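A.B. asks: When we follow full-length UniProt numbering, the leftmost residue of the sequence shown carries the number 1, and every step to the right adds one. Ideal Cβ positions, reconstructed from N, Cα and C, are used throughout, including at glycine. Keep in mind that this is a model prediction, so the values were computed, not measured. Have a look at this one.
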Amino acid sequence: MALADRAGLVIGVDHQEEMLKKFAQAADQRDIAHQEIFGDWPANSAEVPVADVAIAHHVIYNVSDLETFAAAMNSHAKNRVVLEAPTRHPLANLSDLWRHFWGLERPEGPTAQDALAVFREVGYDAKIEYFSDVPRQAVSLDKQVEFTRIRLCLPASKDAEIREILADRVEEPRELAAIWWETQ
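Structural data, given as structure tokens:
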């Protein structure tokens with residue numbers, strides 16, 4: 001919503017009702033006209049109007065077919081496509097814990113650079129810019145332990161060990177990337 005005050009209308013597309021509600025609330029708080037469309041992108045792209053700029057926020061790591069995703073984004077943008085994402089997969093920070101608890105080496109990718117390479121390979125003159133951002137809200141250690149336990153498929157009996165490991169971590173700024181290309 002950082003630039004939404006310059007828009008006549010912002011359109012949110014998501015397969016989670018709760019995310020659409022938060023999107024609508026954020027637009028209402030800024031007195032910005034908005035429209036919400038429930039469903040999976042790009043499967044529901046026929047329902048979505050064309051916009052001056054098409055933006056995808058923190059979703060590319062959930063996309064199984066980047067070429068189709070990019071084509072749908074491109075066809076819905078009059079001027080530019082912008083994709084914001086972490087520079088590396090959001091769960092890559094758990095790699096050391098997979099090694100600790102399960103002896104598994106997790107891959108370093110995918111990364112935003114990998115996505116950029118795909119977009120360029122399929123014909124977009126994509127660019128990338130990097131920036132840092134601090135997390136919007138602190139997450140309690142209890143919630144971090146629970147999230148980590150679930151992600152690592154561990155029993156609750158491992159909570160104390162997880163807590164000990166996580167308690168020593170310093171929260172770093174999030175390293176993000178904006179991948180973009182002109183559509184004209």
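By alpha-carbon positions, which one of Val-122, Arg-151 and Glu-172 ends up nearest to Val-134?
C.D. replies: Checked all of Val-122, Arg-151 and Glu-172; the closest Cα to Val-134 is Glu-172.
A.B. asks: Compute the beta-carbon to beta-carbon distance between Ile-37 and Ile-60, rounded to the nearest angstrom, for a pair I have assumed lies under 8 Å.
C.D. replies: That pair is no contact at about 19 Å.
A.B. asks: Can you give me the Cβ contacts of Arg-88 inside the same chain, cut-off strictly under 6 Å, excluding the 5 residues immediately before and after it?
C.D. replies: So the qualifying residues of the chain are Thr-111.
A.B. asks: With the cut-off set at 8 Å, would you say His-76 and Ala-54 are in Cβ contact?
C.D. replies: Yes, the pair counts as a contact, with Cβ atoms nearer than the cut-off.
A.B. asks: Is it buried or exposed for Leu-9, if we count other Cβ within 10 angstroms and need 16 for buried?
C.D. replies: Under this definition Leu-9 is an exposed residue.
A.B. asks: Near Ala-72, what residues of its chain come up, given a Cβ to Cβ distance below 6 Å and the 5 sequence neighbours on each side ignored?
C.D. replies: Closer than 6 Å at the Cβ level, and outside the excluded window around Ala-72, lie Pro-42 and Ser-45.
A.B. asks: Just checking, does the stretch 158-174 make contact with the stretch 106-120 on the three C-beta pairs under 8 Å criterion?
C.D. replies: The stretch 158-174 vs the stretch 106-120: no contact.
A.B. asks: At the level of alpha carbons, what is the spacing between Gly-109 and His-34?
C.D. replies: One C-alpha to the other measures close to 35 Å.
A.B. asks: Quick check on Asp-14: buried or exposed, where buried means 16 or more other Cβ atoms within 10 Å of its Cβ?
C.D. replies: Buried, since its Cβ has 16 or more Cβ neighbours within 10 Å.
A.B. asks: Identify the residues that DSSP records as bridge partners of Pro-42: which are they?
C.D. replies: Paired residue(s): none; Pro-42 is not in a bridge.
A.B. asks: Would you report the Cα separation of Gln-29 and Leu-141, rounded to the nearest angstrom?
C.D. replies: Distance between the alpha carbons of Gln-29 and Leu-141: 30 Å.
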